[in-house]
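Reading through the C-alpha cells given below for one structure.
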C-alpha cells in the first residue's frame, strides 16, 4: 500500500515536471542523451575509433559523414554517440556515490551530539576543497580512469549534498512529530528512516539531480584535462581537447562535443530546477490540500 | 501505589533555571492538573520527566517511575518506558503528526514497537485504537494523511498514538489549546472517558484553569518554574493561597465557561 502511494506520488511529481517548460526541455535533453548512449551500444554509423586516412577532416553532411570527421578521419557523429555512454555512466555513478556520501554524512552530522558537530566541521572543510582539484590529486595517485573520476566527483559533490541535507535533517529532527515519536519509544534509527528521510527526500532529490549536471561537467573537464577517460574510449571532454587546436581551421568540428556537453548539463540543470519548483512544499501543500479533504 | 515521583526536579539552560526544584507525585489512577502561565515551565517539567528535555538543558533531581530513577538513564533504557508506561499527547495536533505518513501507520508503528505485535496485527490494533478515540469510519481514516483531517480528528489520532503501548500514565500537554471550544469539550470528554476505562493516571498540563477543572482531581500551580500551590481541585479553587493561583482564578472567572463541577 505504501509502495503504491509513493509510486503514485513519483508519477504525480513527474507529470508536474513535464508541465513545466524547463522540466519538459530538460527531460527531452536527458532522454536524448540516454537514447544516444543506448543506440551506440548496438549501432554507430562507423567504428568511433576507426582511423580512415581517406576521409581526414571531412566536412559535415558529406559522404555519409553526418557531422564530419577529425584529423585522423574518425567519424565525429559515431564518437559523439559513443561518448554519451561514458557521460551517462559517469554522471549516474558519480551521483550514486554522491548520494551515499552525502546522505551518510548528513545523517551522522544531524544525529550525533558531539560527534555530529565534528562531522559537520569536516563537511565544511571538504566543501571548501575544489572537486576538480580532489579529482586531479586522486588521479595523480591512483592513475586517471573513469573510476577515479567518479569517486572524486562523487565525494566532491557529496559533501555539498551533505551540507544541505544536514540542515534539512536538523530541522526535521526538531519537529513535534519526531518528539512525539520519541515519547512513544522510537529509536533514532527508526526516526531517521521513517520520519526524517521521507521528509527531506524532496530536497535531496533536487540536490542530486543538480549533482548529475555537475557530474557531467566535471567528467568532461577531467577528460579535457587528461585525468578522466583513458584514450581509446570516446569521451566528449577529450574530443573537445583534441579538436580545439584546430578551431581556426575546422571550426565546425569542435562545436559538436561542446554542444553535446552543454546540452547534457543544461538538461540535468533544467530538470533539477523544475524539480525544485514542483516539490516546493509551499506550492505542494496548496495542491494537496484542495482535492480530497475527508473532514 | 506511587507511579511517578518527581523530586526536586531542576532544568537549567546555561545556568538559568526554567524548572526550579519541582516535586510532584502521581499515584496510579490519580489525575493531576499542572497549571501555570506560558513560560512557567509546565511542558519542560513533563518532557524532563520522560527524559526528553532539549540537548542543551542541564537536568538535576530525581524522577522515579515505578520506583526506578530515570535521570541519567540512557535513551536505550528509557525507550521502552516511553509510550509503554507513559504516553504523551501534544499541544499541536497539526505538527505532532508526520505529514507524509498515513495515520494508520503512525499508530501501528508504536503499537508494533511497544507491544511486540507483528505488523499485520499492529495494523488491526491501530484501527481499533482509532475507533476507541471516537474517529468515525476508522478503517478509512487509517488510510488518510494528516492534512486530510480536521484539527480535532488529528488530536484524536495523537491520543491513539499515546495509547498505543497501553500506558499507566497519560501526560497531556495542553491537548486542547489549539482547538476551538466545541472540539475542546469533545476531546476533554474523550480523555476523561479513556482515563477511566483504561485505569490510567493523568498528568494534565494547561494554562487554562477551566479546562483543568474538567478533568483533574488535584492541581499543582506552577509559576517561574516552581510549584506555588498544590492540593485537591476544590480547595485550590476556593481557597487559593498564592498570588499566581489568584491571577489564574481571575482570568478563569472572567471567561464564560461553565464548569462541570459547579
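Protein chains in written order, with this note's numbering: chain E, 1 to 295; chain C, 1001 to 1262.
Just so it is clear, CB atoms sit at the ideal spot from N, CA and C, and this is done for glycine as well.
Because the structure is a prediction, the values reported are computed rather than measured.
Beta-carbon proximity list for residue i, same chain, < 7 Å, skipping 5 on both sides
| i | result |
| --- | --- |
| residue 144 of chain E | 226, 227, 228, 230 |
| residue 164 of chain E | 203, 207 |
| residue 1165 of chain C | 1083, 1084, 1087, 1110, 1114, 1115 |
| residue 1169 of chain C | 1003, 1004, 1026, 1085, 1086, 1200, 1201, 1203 |
| residue 138 of chain E | 148, 151, 152 |
| residue 118 of chain E | none |
| residue 61 of chain E | none |
| residue 253 of chain E | 68, 70, 76, 243, 246 |
Straight-line Cα distance separating residue j from residue i
| i | j | result |
| --- | --- | --- |
| residue 58 of chain E | residue 216 of chain E | 28 Å |
| residue 209 of chain E | residue 1153 of chain C | 38 Å |
| residue 184 of chain E | residue 1082 of chain C | 5 Å |
| residue 187 of chain E | residue 1019 of chain C | 27 Å |
| residue 245 of chain E | residue 222 of chain E | 18 Å |
| residue 122 of chain E | residue 212 of chain E | 23 Å |
| residue 1211 of chain C | residue 1178 of chain C | 13 Å |
| residue 1012 of chain C | residue 112 of chain E | 22 Å |
| residue 1094 of chain C | residue 238 of chain E | 55 Å |
| residue 42 of chain E | residue 35 of chain E | 11 Å |
| residue 262 of chain E | residue 1126 of chain C | 53 Å |
| residue 49 of chain E | residue 75 of chain E | 8 Å |
| residue 128 of chain E | residue 159 of chain E | 10 Å |
| residue 40 of chain E | residue 236 of chain E | 14 Å |
| residue 1008 of chain C | residue 1016 of chain C | 16 Å |
Neighbour-count burial assignment, residue i, 16 or more Cβ in a 10 Å radius
| i | result |
| --- | --- |
| residue 195 of chain E | buried |
| residue 1042 of chain C | buried |
| residue 1136 of chain C | exposed |
| residue 1091 of chain C | buried |
| residue 1208 of chain C | buried |
| residue 259 of chain E | exposed |
| residue 1181 of chain C | exposed |
| residue 1051 of chain C | buried |
| residue 77 of chain E | buried |
| residue 99 of chain E | buried |
| residue 1250 of chain C | exposed |
| residue 296 of chain E | Here chain E covers residues 1 to 295 and nothing more, so residue 296 of chain E does not appear. |
| residue 1030 of chain C | buried |
| residue 23 of chain E | buried |
Contacts around residue i, its chain only, beta-carbon distance under 6 Å, and the 5 residues preceding and following it disregarded
| i | result |
| --- | --- |
| residue 94 of chain E | 150, 153, 154, 215 |
| residue 1228 of chain C | 1221, 1242, 1244 |
| residue 1184 of chain C | 1176 |
| residue 200 of chain E | 168, 169, 172 |
| residue 279 of chain E | 202 |
C-beta neighbour in chain E for residue i, strict 7 Å
| i | result |
| --- | --- |
| residue 1083 of chain C | yes |
| residue 1177 of chain C | no |
| residue 1090 of chain C | yes |
| residue 1114 of chain C | yes |
| residue 1161 of chain C | yes |
| residue 1065 of chain C | no |
| residue 1240 of chain C | no |
| residue 1095 of chain C | yes |
| residue 1129 of chain C | no |
| residue 1046 of chain C | no |
| residue 1206 of chain C | no |
| residue 1110 of chain C | yes |
| residue 1126 of chain C | no |
Beta-carbon proximity list for residue i, same chain, < 8 Å, skipping 5 on both sides
| i | result |
| --- | --- |
| residue 1025 of chain C | 1002, 1004, 1005, 1006 |
| residue 1133 of chain C | 1156, 1157, 1159, 1160, 1163, 1190, 1194 |
| residue 1167 of chain C | 1083, 1084, 1085, 1086, 1087, 1200 |
| residue 205 of chain E | 275, 279 |
Cβ separation of residue i and residue j, assumed to be a contact under 8 Å, to the nearest whole Å
| i | j | result |
| --- | --- | --- |
| residue 268 of chain E | residue 30 of chain E | 6 Å |
| residue 148 of chain E | residue 131 of chain E | No, residue 148 of chain E and residue 131 of chain E are not in contact; Cβ-Cβ is about 13 Å, not under 8 Å. |
| residue 1264 of chain C | residue 1046 of chain C | Within the shown structure, residues of chain C are numbered from 1001 to 1262, placing residue 1264 of chain C beyond reach of any answer. |
| residue 265 of chain E | residue 17 of chain E | 18 Å between Cβ atoms; not a contact. |
| residue 1213 of chain C | residue 1036 of chain C | In fact, because the Cβ distance is near 15 Å, the residues do not count as touching under 8 Å. |
| residue 83 of chain E | residue 234 of chain E | 5 Å |
| residue 981 of chain C | residue 1119 of chain C | The shown model of chain C, from 1001 to 1262, leaves out residue 981 of chain C, and the question about it has no answer. |
CB contact check: residue i to chain C, cutoff 7 Å
| i | result |
| --- | --- |
| residue 10 of chain E | no |
| residue 46 of chain E | no |
| residue 142 of chain E | no |
| residue 113 of chain E | yes |
| residue 13 of chain E | no |
| residue 170 of chain E | no |
| residue 183 of chain E | yes |
| residue 195 of chain E | yes |
| residue 198 of chain E | yes |
| residue 180 of chain E | yes |
| residue 224 of chain E | no |
| residue 177 of chain E | yes |
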